[in-house]
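Report on the following structure.
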Amino acid sequence: MNHVRGSLLSIDVGEQAAATVAIDDERSSFIGGRGLGTRLAHERIPFDADPFGPENRLVFTTGPLQTSTMSFTGRMNCTGLSPLTDGLLSSNAGGYLSRNFADTGYAAVEITGVSDDLLAVHVRDEGVSFEPVPELADAEVSRVSAYVENEHHLGEDAVACVGPAGERQVRFASIMTTEHRTFGRGGLGAVLGAKNVKLLTVAGDSRRPVDVPDVTADVHREAATSDHIMKRQGTTSVTELANELDALPTRYFSEQSFEGAASIGGDAVESKKYEKGTCSQCAFACKLPTRDEESGVETEGPEYETVMAFGANAGIDDVVDVMVSNDLCDELGLDTISCGDVVSAYLAAEGEFGNAELAHDLVEKIAYREAEGDLLAEGIDRVHDELGVENWTMKGMEFSAHDGRALNGQGLAFATSNRGADHLYGSMYEQEYPLVDESEALDPEGVEGKAAPLVASENHNAVRDSGIVCRFSRGFVTDERLERLLDASLDRLLEIGARVIDMERHFANQRGRDRRADEALPYEISGLADELDAYYERRGWNADGTVPAERVP
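Numbering (the numbering used here), first residue to last: 9 to 561.
Now the structure itself:
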């Protein structure tokens, strides 16, 4: 089986020391990316660790396909103990960082400990150096990139950093790279900030190539020649479809469709797009560099989830206002989904839906933990009672779009997801809109019989996140091609995916979480309890949603 090459570089920022650790068994068993990151985190983070404490670790990993030139592989993974969900969480970011990381020759780099000084950590193939950077305290992401370029002659594509939100341990702070690309969900930026690490740079000339078949050329050619709407509109192309199906959360989840959807949807975003944008080596080019000439705002995006969170859910129907929110989050280092939902919760509490100026003000206050922003920085799960609003989270994580009240299989996927209310974990919405071939489509109503396709989708996603292959490669990187690329049968790959999910669930179980009681949605779906039984049985878990000890690798 193809897997990532190299050792683990373990960096203790408190001791300002680094050591290499052989991880041959872990690499060969879990491919790379999310699989390898989850295995290392499960082994090396104590079950009783404090997410903000020195014993938590952030594990950065690439996969074997990051040494290729294939489209859809410009991504890398970060895994750690989330301060938002209190469980193991993996997030992967696009852009250009992954291949610079691969050039260091390491399969994985972990950050542990807590530094006394605000640090830049520089990882090179010949070693690690530590640089105090007190002058970067509270620096926005673009200023960090400029500093690295001026002082170290590296581009933004070699940097992973936090903004003010990470330094202040906002529970949904992101780690940013290439300025607008993000390790977004779950607050891993707050973990890096808690370690007093402002930025990480990577560079070298020691890439360890993995032999992959010539199918990469076919994928690249098809990606380049495809006439796909996502090349023009990114994920916002689904906005009006979701709205028509009552699957677009609106006004803090009190409604399921938005009368202003067309003003913030795919056509509106496309009208602000001024050039093509892509990730490393990818010919699909689905990113969204956008600009509004009148206001001068320039950003990348928004994507559909941001359109939901800062648009429909906030009652805001001006695409430029959503662009401003998107850009603020990128500059300050915040997950747009959680932040937008938190802002929407506050607007609901204050009767201020549609107030874009207030929304923008709240984003800045959250990032700096100023005034009411200090409360909102804790996330909806921890503050909903004080705000007097419903708790629209799962396992501590704010909901993404693709409303489970309309797409019931996606509702089931939100319930079972180990990382909370995230649409990409189980991705059942793809089959229920549907965004797939008719032969794979599912009726969005009801959950009976959907445990089986959900388990298959979760396992499949875990494999792709280990490869690492972008989710938008659907239709290009087919199962047959995935088998060839990773040199393993689909059955074997899906078994690895299941083991990754077992480890995530087992870690949470040891912390007293991710049990059946934690999988209650904030709305009713008929038959959900029975389908949860079927889901646990299919996974080989206990009836209470816990993982038997013998299933943990």
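Backbone N, C-alpha and C define an ideal beta-carbon position, used for all residues, glycine too.
In this model, residue 481 and residue 553 are separated by some 32 Å (Cα to Cα).
For the region 134-166, the continuous alpha helix (DSSP H) assignments of 4+ residues that do not extend past its boundaries occur at 149-160, in sequence order. Excluding five sequence positions before and after residue 519, the CB atoms of its chain that fall closer than 8 Å to its own CB belong to 55, 56, 94 and 95, given in chain order. As the crow flies, the alpha-carbon of residue 268 is around 53 Å from that of residue 135. If you draw a straight line from the Cα of residue 503 to the Cα of residue 38, it comes to about 10 Å. Between residue 341 and residue 174, the beta carbon gap of about 5 Å places them in contact (Cβ cut-off 8 Å).
Counting C-beta atoms within 10 angstroms of its own C-beta, residue 28 has fewer than 16 neighbours from the protein chains shown and is therefore classed as exposed.
Within the DSSP bridge table, the entry for residue 130 names 137 and 209 as partners.
If you draw a 10 Å sphere on the C-beta of residue 202, you find 16 or more other C-beta atoms in it, and that means buried.
Taking C-beta separations shorter than 6 Å and ignoring five residues to either side along the sequence, the partners of residue 79 in its chain run 227, 228, 231, 290, 291 and 292, following chain order.
In this chain, the beta strand (DSSP E) harbouring residue 88 covers 84-89.
Under a 10 Å Cβ-count criterion, residue 233 is classified as exposed, with fewer than 16 other Cβ atoms of the shown protein chains found around its own Cβ.
Nearest in C-alpha terms to residue 299, of all of 273, 423, 315 and 332, is 332. With a threshold of 16 other beta carbon atoms within 10 Å, residue 488 falls short and is exposed. In the DSSP assignment, residue 101 falls within the beta strand (DSSP E) that extends over 96-101.
Counting along the chain, no beta strand (DSSP E) covers residue 452, and no H or E run does either. Residue 92 and residue 194 have their alpha carbons spaced roughly 5 Å apart.
Contact between the region 34-49 and the region 449-466 is absent: fewer than three C-beta pairs spanning the two stretches fall below 8 Å. According to DSSP, residue 69 shares a beta bridge with 85 and 116. Counting only unbroken stretches of 4 or more residues, the alpha helix (DSSP H) elements lying wholly within the region 377-419 are 380-384 and 388-395, in sequence order. DSSP places residue 286 in the coil class of the three-state scheme, outside both helix and strand. If you look at residue 125, you'll find it isn't in any alpha helix (DSSP H); DSSP assigns it neither H nor E. Leaving aside the five residues that flank residue 97 on each side, the residues in its chain whose CB is nearer than 6 Å to its CB run, in chain order, 90, 194 and 427. Apart from the 5 residues on each side of it in sequence, residue 513 sits with its Cβ closer than 6 Å to the Cβ of 426, 522 and 555 in its chain, given in chain order. DSSP lists 299 as the beta-bridge partner residues of residue 306.
Contact check for residue 86 and residue 191: beta-carbon distance about 5 Å, within the 8 Å limit, so the pair qualifies. Here residue 153 is buried. Its C-beta has 16 or more other C-beta atoms within 10 Å.
Under the 8 Å Cβ criterion, the region 372-384 does not count as touching the region 399-409, having fewer than three qualifying pairs. A direct Cα-to-Cα measurement between residue 356 and residue 138 gives close to 45 Å. Burial check for residue 161: the Cβ neighbour count within 10 Å stays below 16, so the residue is exposed. Between residue 531 and the set 420, 496, 259 and 335, the nearest pair of CA atoms involves 420.
Residue 9 counts as exposed, since fewer than 16 other beta carbons sit within 10 angstroms of its beta carbon. In the structure shown, residue 18 adopts extended strand secondary structure according to DSSP, grouped into three states. The region 533-552 and the region 433-447 do not touch, with fewer than 3 CB-CB distances between them shorter than 8 Å. Judged by their CB atoms, residue 133 and residue 214 are nearer to each other than the 7 Å cut-off. DSSP, reduced to helix, strand and coil, places residue 258 within a strand of the structure shown.
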